[in-house]
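Heads up: the sequence shown at position 320 corresponds to 430 in the working numbering, and the numbers run straight through without jumps.
Glycine residues also receive a C-beta, built at the ideal position from the N, C-alpha and C atoms.
Just so it is clear, the structure is predicted and the values come from calculations on it, not from any experiment.
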Amino acid sequence: MDKLLGLLADGQFHSGEELGEHLGVSRAAVWKKLKAVEELGLALDSVRGKGYRLGSGIELLDSEKIQACVDADVRTKTDIHTCFTTESTNDLVRSQRPFPAGVTRFCLAEHQSRGRGRRGRVWNSPFGSTVSLSALWQNGEGTASLEGLSLAVGLAVVKALETLGARELKLKWPNDVLWQGKKLCGVLLEVHGDPTGECEVVIGIGINVRLSDEQLEAIGQPAVDLFRVCGKHVSRNTVAGQLINTLTHLLDGFGQGGFRLFREQWCEYDAFRGKEVTLMASTRSVTGRCMGVDNQGGLLLETASGIHVFNGGEVSLRQS
Ligand code: ATP
111 MDKLLGLLAD GQFHSGEELG EHLGVSRAAV WKKLKAVEEL GLALDSVRGK
161 GYRLGSGIEL LDSEKIQACV DADVRTKTDI HTCFTTESTN DLVRSQRPFP
211 AGVTRFCLAE HQSRGRGRRG RVWNSPFGST VSLSALWQNG EGTASLEGLS
261 LAVGLAVVKA LETLGARELK LKWPNDVLWQ GKKLCGVLLE VHGDPTGECE
311 VVIGIGINVR LSDEQLEAIG QPAVDLFRVC GKHVSRNTVA GQLINTLTHL
361 LDGFGQGGFR LFREQWCEYD AFRGKEVTLM ASTRSVTGRC MGVDNQGGLL
411 LETASGIHVF NGGEVSLRQS
């Protein structure tokens with residue numbers, strides 16, 4: 111399949127015969143594979159006498175192109191792996207043992223068949239439309255030192271996307287990236303290990319790069335992609351490379367000084383600062399005014415009984 115998609119990626123017509131020759135298979139086998147391409151949700155045009163083409167073409171992930179966008183100092187301490195399809199890049203990055211010492215491993219996939227959000231929610235990542243990236247970060251300071259990391263990761267995404275021309279991005283506590291109130295990116299952190307010793311953090315990031323109207327409508331809340339935000343085509347390999355840069359620099363800083371170092375910057379992008387919001391937990395909800403975040407990334411909410419701090423995990427923020 112990767113070979114076939116590699117041939118169709120240019121958006122030009124290719125005859126069944128030509129595709130068969132390149133792939134070393136019969137016309138019938140080509141036809142079967144083309145059906146499988148359509149099943150991935152990709153729009154395939156077929157014209158008698160001309161052959162087949164992928165509507166507007168597709169930019170496949172390419173670890174060499176991603177590496178070329180990565181800063182020289184970052185390149186030496188990262189290991190980048192791309193794949194065609196996987197259930198979840200968060201699971202994939204954890205399964206690839208052993209982990210090289212001093213190196214952060216990044217896994218990216220064209221498609222996730224079981225991408226997930228928080229609390230079992232589904233994350234949609236149609237084939238070739240998103241940057242779905244997971245990083246595995248090892249930390250010897252224990253899970254307690256990771257407070258605020260998920261907020262800092264949201265900030266790293268914003269910084270990466272700004273280098274590509276995105277503007278008016280906002281952060282919704284704890285870590286969604288929004289544009290004009292629509293979700294552009296989601297972050298899912300999964301922490302494994304000791305509260306005081308060795309631990310592993312899987313940082314999963316999904317950024318919408320180019321989705322069709324139908325794909326955006328299929329998402330259960332207002333969502334947007336980078337194409338609409340920037341008003342132009344944005345290369346997925348470049349997005350991935352910039353993200354690896356900002357994330358690596360952020361993890362270096364976070365390892366030294368924690369979220370405290372990023373709090374002020376995070377607050378500059380706060381979508382709800384000063385606004386009335388409702389925090390929903392599984393059994394109750396609290397309404398109040400957003401007063402920013404504290405040095406651990408906890409949300410400060412002003413209610414009738416004073417200012418209270420709320421931490422992530424089980425709580426979701428909604429504008430009242
Ligand atoms: P919270 O405020 O608790 O973070 P959330 O609804 O944003 O709430 P997440 O777990 O962060 O929840 O993300 C999962 C949700 O994101 C899904 O339930 C869906 O509404 C939305 N979603 C799924 N795929 C995408 C996507 N590709 N782009 C934007 N939003 C998506």
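Determine the direct distance from the alpha carbon of residue 281 to that of residue 331, and round the result to whole angstroms. Translated into positions along the sequence shown, residue 331 becomes position 221. Translated into positions along the sequence shown, residue 281 becomes position 171. Taking the straight line from one Cα to the other gives about 16 Å.
Within 7 Å: the Cβ of residue 153 and any heavy atom of ligand 1? For the purposes of this step, residue 153 is taken as the residue at position 43 of the sequence shown. Every heavy atom of ligand 1 is 7 Å or more from the Cβ of residue 153, so no.
Is any heavy atom in ligand 1 found nearer than 7 Å to the beta carbon of residue 329? The residue you call residue 329 lines up with position 219 of the sequence shown. Yes, since a heavy atom of ligand 1 falls inside the 7 Å radius drawn around the Cβ of residue 329.
What's the C-alpha gap between residue 177 and residue 269? As a first step, residue 177 is located in the sequence shown; it is residue number 67 there, counting from the start. As a first step, residue 269 is located in the sequence shown; it is residue number 159 there, counting from the start. Those two C-alpha atoms are separated by around 18 Å.
Based on DSSP bridge pairs, tell me the residues matched to residue 429. Residue 429 sits at position 319 when you count from the first residue of the sequence shown. Paired residue(s): 387.
I'd like the span of the beta strand (DSSP E) that includes residue 244, first residue to last. Locating residue 244 in the sequence shown gives position 134, counting from the first residue. Here the beta strand (DSSP E) through residue 244 covers 240-249.
Does the distance from the C-beta atom of residue 184 to that of residue 355 stay below 8 Å? Stepping through the sequence shown from its first residue, residue 184 is reached at position 74. Stepping through the sequence shown from its first residue, residue 355 is reached at position 245. Cβ distance < 8 Å, so residue 184 and residue 355 count as in contact.
Neighbourhood of residue 224 by C-beta distance below 6 Å, restricted to the same chain and skipping five residues each side: For the purposes of this step, residue 224 is taken as the residue at position 114 of the sequence shown. Excluding sequence neighbours, residue 224 sits near 197, 198.
Is the beta carbon of residue 159 within less than 7 Å of some heavy atom of ligand 1? The residue labelled residue 159 in the question sits at position 49 within the sequence shown. Answer for residue 159: no, Cβ out of range of ligand 1.
Considering only C-alpha positions, which residue in the set 380, 360, 246, 276 is nearest to residue 310? Looking up residue 310 in the sequence shown gives position 200. Checked all of 380, 360, 246, 276; the closest Cα to residue 310 is 246.
Start and end of the beta strand (DSSP E) containing residue 395? On the sequence shown, position 285 is the one that residue 395 refers to. Per DSSP, residue 395 belongs to the beta strand (DSSP E) from 395-403.
Does at least one heavy atom of ligand 1 sit under 7 Å from the Cβ of residue 409? Reading the sequence shown from its first residue, position 299 is the one you call residue 409. Checking every heavy atom of ligand 1 against the Cβ of residue 409, none is found closer than 7 Å.
Between residue 202 and the rest of its own chain, which residues show a CB-CB distance below 6 Å, the 5 nearest in sequence each way excluded? Your numbering for residue 202 matches position 92 in the sequence shown. These residues qualify, in order along the chain: 196, 217.
Can you name, in chain order, every residue of its own chain whose Cβ lies under 6 Å from the Cβ of residue 248, other than the five neighbours on each side? Counting from one through the sequence shown, the residue named residue 248 turns up at place 138. Here the set comprises 310.
How about residue 295 and residue 313: are their beta carbons less than 8 Å apart? Here residue 295 is taken as the residue at index 185 of the sequence shown, counted from 1. Here residue 313 is taken as the residue at index 203 of the sequence shown, counted from 1. No, these two residues do not count as a Cβ contact at 8 Å.
When the Cα atoms are used, what is the spatial distance from residue 382 to residue 395? Residue numbering aside, residue 382 sits at position 272 when the sequence shown is read from its first letter. Residue numbering aside, residue 395 sits at position 285 when the sequence shown is read from its first letter. Cα to Cα, residue 382 sits roughly 17 Å from residue 395.
Can you determine whether any heavy atom of ligand 1 sits closer than 7 Å to the C-beta of residue 232, and answer yes or no? Along the sequence shown, one-based indexing puts residue 232 at 122. Indeed, a heavy atom of ligand 1 lies less than 7 Å from the Cβ.
Residue(s) in a DSSP beta bridge with residue 129: Walking along the sequence shown from the start, residue 129 turns up at place 19. DSSP output for residue 129 lists no bridge partner at all.
Compute the minimum distance between the beta carbon of residue 380 and the heavy atoms of ligand 1, and state whether it is under 7 Å. Counting from one through the sequence shown, the residue named residue 380 turns up at place 270. Result no, Cβ not under 7 Å from ligand 1.
Quick one: grab the DSSP three-state call for residue 156. On the sequence shown, residue 156 is found 46 positions in, with the first residue counted as 1. Residue state, collapsed to three classes: strand.
Indicate, with yes or no, if ligand 1 has a heavy atom lying under 7 Å from the CB of residue 276. To locate residue 276, count along the sequence shown from 1; it is residue 166. Result no, Cβ not under 7 Å from ligand 1.
What runs of the alpha helix (DSSP H), each 4 residues or longer, lie entirely inside the stretch 188-262? 199-205
Using the beta-carbon count (16 or more within 10 Å), is residue 366 buried or exposed? Counting from one through the sequence shown, the residue named residue 366 turns up at place 256. Flag for residue 366 reads exposed.
Who are the Cβ neighbours of residue 240 in its own chain at under 7 Å, not counting the five residues just before and after it? Counted from its first residue, the sequence shown places residue 240 at position 130. So the qualifying residues of the chain are 316, 317, 318, 319.
I'd like to check one pair, residue 151 with residue 137: are the Cβ atoms closer than 8 Å? The sequence position of residue 137 within the sequence shown is 27, counting from 1. The sequence position of residue 151 within the sequence shown is 41, counting from 1. Taking 8 Å as the Cβ cut-off, residue 137 and residue 151 do not qualify as a contacting pair.
Please report how far the alpha carbon of residue 349 lies from the alpha carbon of residue 415, in whole angstroms. Within the sequence shown, residue 349 is the residue found at index 239, counting from 1. Within the sequence shown, residue 415 is the residue found at index 305, counting from 1. Spanning the two alpha carbons is a distance of roughly 44 Å.
Taking only heavy atoms of ligand 1 into account, decide whether any of them is closer than 7 Å to the Cβ of residue 388. As a first step, residue 388 is located in the sequence shown; it is residue number 278 there, counting from the start. Not so, every heavy atom of ligand 1 lies at least 7 Å from the Cβ.
With a threshold of 16 other CB atoms inside 10 Å of the CB of residue 238, please say whether the residue is buried or exposed. As a first step, residue 238 must be located in the sequence shown, where it is residue number 128. Buried: at least 16 other Cβ atoms inside 10 Å.
Based on DSSP bridge pairs, tell me the residues matched to residue 289. As a working note, residue 289 is residue 179 in the sequence shown. 279, 292, per the DSSP bridge assignment.
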